[in-house]
Each structure stands twice: as structure tokens, then as C-alpha cells.
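The structure appears right after this line, and notes come after that.
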Amino acid sequence: MRFHLLLVCLALSAACGPSRERSAAGPPDLEAEMRAVLLDNIAAFWYPRCLDRDKGGYHLYFDERGEPEPPGDKSIVTQARMVWFFARMAREGYEKAGAFTRADLLAAARHGFEFLRRKMWDFENGGFYWAVDASGNEVRAPNKHLYGQSFALYALSEYYAASHDEEALELAVQLFDVLEAKAHDEKYKGYREYFSVDWSEPKPSERNYMNAPAHDVKLMNTHLHL
Numbered sequence: 009m010r011f012h013l014l015l016v017c018l019a020l021s022a023a024c025g026p027s028r029e030r031s032a033a034g035p036p037d038l039e040a041e042m043r044a045v046l047l048d049n050i051a052a053f054w055y056p057r058c059l060d061r062d063k064g065g066y067h068l069y070f071d072e073r074g075e076p077e078p079p080g081d082k083s084i085v086t087q088a089r090m091v092w093f094f095a096r097m098a099r100e101g102y103e104k105a106g107a108f109t110r111a112d113l114l115a116a117a118r119h120g121f122e123f124l125r126r127k128m129w130d131f132e133n134g135g136f137y138w139a140v141d142a143s144g145n146e147v148r149a150p151n152k153h154l155y156g157q158s159f160a161l162y163a164l165s166e167y168y169a170a171s172h173d174e175e176a177l178e179l180a181v182q183l184f185d186v187l188e189a190k191a192h193d194e195k196y197k198g199y200r201e202y203f204s205v206d207w208s209e210p211k212p213s214e215r216n217y218m219n220a221p222a223h224d225v226k227l228m229n230t231h232l233h234l
């Protein structure tokens, strides 16, 4: 069942309310409520306005009225999350009459996947850049951080599960192999998480993209996602 944790939290919150109101109204249909939020609020806002049809990937900057703001850099974390979102929606078979079909969502995931593999993948060294410019033609943050790599692996895996696109599976396996070869810490276990663009050790004085010391630091946040 979807939204297990969220439903539990909402149920616990509801249990704290007045018992008279609960008994009069009956138990809320939380799954239906969450489904409506997902389809009518979240997905309906982002699709199709987030698709950057000119430059590829997703445009993620909007004002409070939903109007697009000037494009900014595109990071592997947010671009990969959007691929995962659309792919998971498609795999679960979500649709909204008059707004999008499962095929639309799968195409939106494919749109983001193409940007990841063409513009954000480091063809020379393997792994994904942290950030590129809006067009994907200029690398803005070249170093490799496993927090970003983990979201890329999520995206590739989920897109493959939804589409059975062998290109996505192949790239996911390549990424996994790179992470095991370059980042796995055989001695202390876990993963070393920040590297220069060529997977060499960063300077001891450098700080990583999570604003932590770049050398010999393992963050719970990164390992949680790995």
C-alpha cells in the first residue's frame, strides 16, 4: 500500500483531535486524500510545465504564481529526482483525465533520462557531474559526490523498471561499477563520498558540495541514500 509512513503520521495526528468530531464524521479516507494531493496538486503543477523542451531536462524555477523564472543551473540531485518521480508515477499506472496519461508520464521520464545520459554523464571518467548550466553544455560543478550519484542510480533504476529501456539499465550498471571501484571503502566499509572530477582524492582543505570537509568524511545523509 502506498504512503504507509505518511498515512500512519496522519492517522496519529487525527487521533489527537476531538473524539466527538471523529465519531460524527467517520474515519477519513486518507489514501484517497493523498492520491488527490498527488494528482491534482503536485503532478498537475509540474507536468508539463517543468519539461524544458528547448534545452532538455527539467525547468524547476517558478514563482508563486507558477510562472517560469530565469533558468538556473541543473543539478544531478534535482534532475534525477524528477526522472524518478515521473518514472514511478508511470510504473504505478497513475493518470489524470484531461491532464496526463501513463504514456505522458513515461515520456516525461524519458525526457529527463536523455538529459542525464547526454549532458550530465562524464564520458571520460564515469559518474555524473554535480551540476551543469541550463543548456547542459557547460559543466558548472564537475566533482563527484556520492549523494548526487545515489539519486542518479535511483532514477536510472526506476526508469528502467517502468520502461524496460536497456539503455537505462546499461547506464545504471556502469554507474554502480564505477561507485564500487572508485568509492567503496574496503578498509573501513561504507563509501568515500567526495572526489575530484577524475575520481582522485580532493585537497585536504577543500569542502564538498554538502558544505562538509571534503577529505575522509562520511555523512549519514549520503550513506542513508546509498
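Its first residue numbered 9, the sequence shown is counted upward by one per residue in the numbering used here. A virtual CB, placed ideally from N, CA and C, is assigned to each residue, including glycine.
Cβ-based neighbour list, residue i, same chain, cut-off 7 Å, excluding 5 preceding and 5 following
i	result
Glu77	Tyr69, Phe70, Asp71
Asp60	Tyr66, His67
Which of helix, strand or coil DSSP assigns to residue i
i	result
Val225	coil
Leu236	Any answer about residue 236 is impossible in this case: the structure gives the chain only from 9 up to 234.
Tyr155	helix
Trp54	helix
Tyr162	helix
Ala40	helix
His192	strand
Arg96	helix
Val85	helix
Arg215	strand
Tyr102	coil
Close-in-space but distant-in-sequence residues of the same chain around residue i (CB under 6 Å, 5 per side omitted)
i	result
Glu166	Trp92, Ala95, Arg96
Ser204	Asn151, Pro210
Best match in the options for proximity to residue i [C-alpha to C-alpha]
i	options	result
Leu232	Tyr55, Glu201, Gly80	Glu201
Trp207	Leu177, Gly135, Asn49, Asp62	Gly135
Phe159	Ala52, Ala88, Leu47, Cys58	Ala88
Thr109	Pro56, Arg73, Leu154	Pro56
Other residues of its chain near residue i: CB distance less than 8 Å, five sequence neighbours each side excluded
i	result
Arg99	Glu166, Ala169, Ala170
Pro79	Asp60, Lys63, His67, Tyr69, Ala142
Exercise for review: Take every Cβ of the region 164-177, pair it with every Cβ of the region 112-125, and state whether three or more of those distances are shorter than 8 Å.
Suggested key: Short answer: they touch.
Check your understanding: Fully enclosed by the region 112-155, which beta strand (DSSP E) runs are 3 residues long or longer?
Key -> Counting only runs of 3 or more, we get 147-149.
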